[in-house]
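Numbering (my numbering), first residue to last: 15 to 260.
Glycine included, every Cβ here is placed at the ideal spot set by N, Cα and C.
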Amino acid sequence: MFYFDNFYGKKVLKSSLLDDTDCFFTTREFVLTSRDRLDLEQESERNKTFLLNKLNCEKIYTAEQTHSDNIQIISKDKTLYENTDALISNIENSLLMLNFADCVPIILYSKKDNTGAVIHAGWRGTAKEIAKKTGEKLVKSYNILPENITAIIGPAIGKCCFETSEDVFEQLIKDKTNKELYKKINDKYFIDLKLLNKYQLTNIGIKNIDSCEYCTCCMSDIFFSYRKEKGKTARHSAILKIKGVR
Ligand SMILES: [Zn+2]
Numbered sequence: 015m016f017y018f019d020n021f022y023g024k025k026v027l028k029s030s031l032l033d034d035t036d037c038f039f040t041t042r043e044f045v046l047t048s049r050d051r052l053d054l055e056q057e058s059e060r061n062k063t064f065l066l067n068k069l070n071c072e073k074i075y076t077a078e079q080t081h082s083d084n085i086q087i088i089s090k091d092k093t094l095y096e097n098t099d100a101l102i103s104n105i106e107n108s109l110l111m112l113n114f115a116d117c118v119p120i121i122l123y124s125k126k127d128n129t130g131a132v133i134h135a136g137w138r139g140t141a142k143e144i145a146k147k148t149g150e151k152l153v154k155s156y157n158i159l160p161e162n163i164t165a166i167i168g169p170a171i172g173k174c175c176f177e178t179s180e181d182v183f184e185q186l187i188k189d190k191t192n193k194e195l196y197k198k199i200n201d202k203y204f205i206d207l208k209l210l211n212k213y214q215l216t217n218i219g220i221k222n223i224d225s226c227e228y229c230t231c232c233m234s235d236i237f238f239s240y241r242k243e244k245g246k247t248a249r250h251s252a253i254l255k256i257k258g259v260r
């Protein structure tokens with residue numbers, strides 16, 4: 015279950031499956047990445063410093079996202095990963111961040127192994143199965159059991175608003191008999207990206223999954239929406255801190 019929480023006075027969205035872990039999705043009230051909103055640049059820089067201080071971390075590890083299926087296991091001294099759409103870490107006190115405006119944010123975390131990942135899955139990343147590939151990489155690289163991984167699929171554009179062409183539909187929907195995944199209205203297709211990503215995770219044995227119902231396009235008063243704001247927007251962020259051993 016998802017709920018809005020208060021991070022030292024700033025509104026964030028959390029999942030009850032990982033409520034004791036430092037991981038959440040930010041909102042317009044807590045912008046960390048300004049992108050096309052130059053007016054939010056200073057505020058986002060201030061917020062990054064604030065976030066690091068409150069979580070007692072030194073650096074933010076992030077990526078130049080390109081809608082790829084490139085996955086990087088982070089190393090301690092490199093904070094920015096080019097051409098990357100998923101970051102994996104087991105480094106204590108490392109803080110992972112990826113940024114979103116309608117695309118699907120996914121956090122994977124094994125409490126037992128103190129190892130996790132943050133994934134950016136737009137429709138291209140979803141078609142390339144980046145969620146599945148990242149889950150598999152976590153399992154293989156660290157010997158983690160899929161049943162120990164918790165997945166939270168954050169706020170993203172919903173089936174209500176994600177209208178696509180037939181070409182995109184063909185790339186995404188292999189099982190056309192599954193009407194949960196899409197609806198067709200006249201000649202237009204509306205696709206459920208969050209559910210497609212959920213299936214990718216259940217197919218590799220991850221069962222503990224919380225998927226957010228919120229549509230970023232319908233709720234653009236709280237989240238940033240590329241579609242609603244016609245590309246001129248900032249980003250909300252998915253945040254995961256790998257905890258330090260006390
Ligand atoms: Zn919507």
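Shortest Cα-Cα distance from Lys25 to any of Phe39, Asp33, Leu31 and Arg249 involves Phe39.
Measuring C-alpha to C-alpha distances from Tyr240 to each of Ile133, Asp201, Asp116 and Asn157 identifies Asp116 as the nearest. Contact check for Gln86 against Leu101 passes: the beta carbons are separated by less than 7 Å.
With 7 Å as the limit between CB and the heavy atoms of ligand 1, the residues that fall short of it are Ile171, Gly172, Cys174, Cys175, Cys229, Cys231 and Cys232. If you look at Ile85, you'll find it in the beta strand (DSSP E) that goes Ile85 to Ile87. Taking C-beta atoms as the reference points, Ile121 and Ile163 fail to come closer than 7 Å. When the beta-carbon positions are compared, Lys62 and Leu46 come within less than 7 Å of each other. The alpha-carbon separation between Ser48 and Tyr17 amounts to approximately 24 Å. Under the three-state reduction of DSSP, Glu143 is assigned to coil, being neither helix nor strand. By the Cβ criterion, the region 143 to 155 is not in contact with the region 191 to 204, since fewer than three pairs of Cβ atoms, one from each stretch, lie closer than 8 Å.
When rounded, the separation of the alpha-carbon atoms in Leu159 and Leu152 is 9 Å.
For Ser251, the enclosing beta strand (DSSP E) has its first and last residue at His250 to Lys255.
Of the candidates Asn20, Thr41 and Thr148, Thr41 places its Cα closest to the Cα of Ala252. Burial is judged here by how many other beta carbons sit within 10 angstroms of a residue's own beta carbon; Gln79 has at least 16 and is buried. Across the structure, Phe238 and Asn157 are spaced so that their CA atoms are roughly 36 Å apart. In the displayed model, Glu177 falls within a strand according to three-state DSSP. In this structure, Asn97 keeps its C-beta atom at 7 Å or more from the C-beta atom of Arg249. Residue state for Asn20 is assigned as strand, using DSSP reduced to three classes.
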